[in-house]
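Working notes for the structure below.
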Amino acid sequence: MKKYINFGLIAVVGLAISSVFTFASTVSANHVWGGYHWARAVSPLSLNLGDNVGSAWDASLSTSSLDWNATSTVLRTSIIAGNKDPRKCSPTLGRVEVCNSKYGNNGWLGIASIWVSGSHITQGTVKMNDTYFNTAKYNTSAWKQLVMCQEIGHTFGLNHQDEIFTNPNLGTCMDYTDDPSGTLKTQPDNQHPNLHDYDELAIIYTHLDAFTSAISSLFTARGKAIENRDIDTSDSKEWGREIKKSNSGKGSIHERDLGKGDKLFTFVVWAE
C-alpha cells in the first residue's frame with residue numbers, strides 16, 4: 637500500500653505592497669513562463685499531485701514533491717491517490733495528474749501540459765514516456781529524476797533556465813542537459829531544483845488572489861467544460877502551434893487556443 641504525504645496550509649502575514657516590490661527586485665531569477673500561475677487565496681499554495689505512476693516511478697515522484705517543498709515558502713505539494721488511466725492521463729480540475737506509460741516512438745521523453753483561464757492555471761498533467769525510459773540510455777534514476785522534476789516544475793508556471801543540452805549544468809532540473817547526474821563531465825547534477833527556481837516561485841506567487849484554482853469545488857460550469865475537453869496530449873497534433881524552439885531546433889513549448897480566454901500549453905523534453 638502506498639503512503640501519501642499531506643501538508644496542511646500554513647497561514648502567513650502578507651507583506652506591504654512596497655515590501656513586495658523590494659523583495660521581487662532583489663531575488664535573482666528570470667525563468668517565469670508568461671506569468672501563468674495557480675490562483676491562491678492563502679499562502680502557501682496547496683497543490684495536489686495525482687499519483688498515476690507505477691512502482692518504477694514512485695521514488696522520482698516522491699523526491700520531486702519533497703524537493704519542491706523543501707525551500708519554497710509559497711508552495712506545498714501533496715501526493716494523493718490518482719484515478720486516471722495512465723495512457724490517456726486526463727486532467728482533473730484543480731490539481732496535477734502525473735502518469736507514465738508507453739506512449740510510443742513519438743520523439744518526446746516527457747511532457748507537461750497546463751490548462752489556463754486568463755492568467756490562472758486550472759489543471760495540469762505530466763506524462764513520462766516509458767517507450768524511451770525503458771531503453772538503456774534513459775532507464776536511470778538520474779534521467780527519471782531530471783525529467784519528473786522538470787515537468788512538475790512547468791505545472792507551477794516555471795520555464796527552463798537554459799535550453800542548450802551541451803552547456804555546463806546549472807545544478808537545476810529546469811536546465812536542459814545531456815548529463816543529468818553530472819558524472820560524465822564532472823559537473824553539478826541536474827536532478828533537483830536550485831535557489832533560482834525557488835526565487836522565481838516567490839516572484840510568481842507574490843500576490844494573493846480572491847479565490848484558489850487548486851480546489852475543484854470552487855470552479856464554475858465553464859471550468860468544468862474546460863476539464864471535460866477530449867484532448868489527448870500524448871498526440872503532438874493536439875498541442876497547437878509551436879511558440880518556442882529549443883537550441884536543438886525542436887519545439888519546446890506549444891500553445892492551443894481553446895476559446896473564451898482559455899488556452900492549453902504543452903512543454904516538451906525530446907529524446908535524443
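Here the sequence shown is numbered in this note's numbering, starting from 637 and rising by one per residue. Yeah, the Cβ is synthetic: ideal placement off N, Cα and C, and Gly gets one too.
CB contact flag (residue i, residue j, <7 Å)
i, j, result
"T707", "Y834", "yes"
"S701", "I715", "yes"
"W704", "S849", "no"
"E874", "H890", "no"
Nearest-angstrom Cα separation, counted from residue j out to residue i
i, j, result
"A660", "L794", "Confidence in A660 is poor, its pLDDT being 34 and thus under 50, which makes the residue's placement unreliable; the coordinate value appears in the next sentence. If you take the alpha carbons of A660 and L794, they lie about 16 Å apart."
"A907", "G743", "6 Å"
"H828", "L745", "18 Å"
"C725", "I788", "14 Å"
"D694", "T776", "14 Å"
"K881", "T728", "28 Å"
"W911", "Q759", "The structure shown does not extend to residue 911, since the chain spans only 637 to 908, so no value can be given for it."
"S755", "R723", "29 Å"
"H790", "D871", "19 Å"
"L697", "M784", "7 Å"
"G690", "L900", "26 Å"
"D912", "L820", "Past the edges of the chain, shown from 637 to 908, lies residue 912, and the structure says nothing about it."
"Y739", "I800", "25 Å"
"T771", "K896", "42 Å"
"V590", "I747", "Outside the shown range of the chain, which is 637 to 908, sits residue 590, and nothing can be said about it."
"G718", "Q786", "20 Å"
"D721", "S679", "32 Å"
"M948", "G730", "Nothing in the structure corresponds to residue 948, since the chain is present only between 637 and 908."
"L806", "A692", "27 Å"
"V762", "I839", "23 Å"
8 Å contact criterion, which residue i and residue j should meet: CB distance rounded
i, j, result
"N830", "T808", "4 Å"
"A778", "S817", "4 Å"
"T699", "Q781", "6 Å"
Close beta carbons around residue i, own chain, < 7 Å, minus the five adjacent residues each side
i, result
"D814", "F801 and T802"
"Y812", "H796, D798, E799, I800, F801 and S882"
"A677", "L844, D845, A846, F847 and T848"
Cβ-based neighbour list, residue i, same chain, cut-off 8 Å, excluding 5 preceding and 5 following
i, result
"L681", "W674, V710, L711, R712, Y841, T848 and A850"
"Y672", "I750, V752, S755, H756, I757, G793 and F901"
Same chain, Cβ closer than 6 Å to residue i, five either side skipped, listed in chain order
i, result
"P804", "Q823"
"G876", "H890, E891 and R892"
"Y774", "Y768"
Using a Cβ distance threshold of 8 Å, determine whether the stretch 790-804 contacts the stretch 765-776, with at least three qualifying pairs required.
no
State whether the stretch 675-692 contacts the stretch 731-741, with contact taken as three or more CB pairs (one from each stretch) at a distance under 8 Å.
yes
Check whether the stretch 818-826 touches the stretch 838-852, counting contact only when three or more Cβ pairs, one atom from each stretch, lie closer than 8 Å.
Taking 8 Å as the limit for Cβ pairs, the verdict is that the stretch 838-852 does not touch the stretch 818-826.
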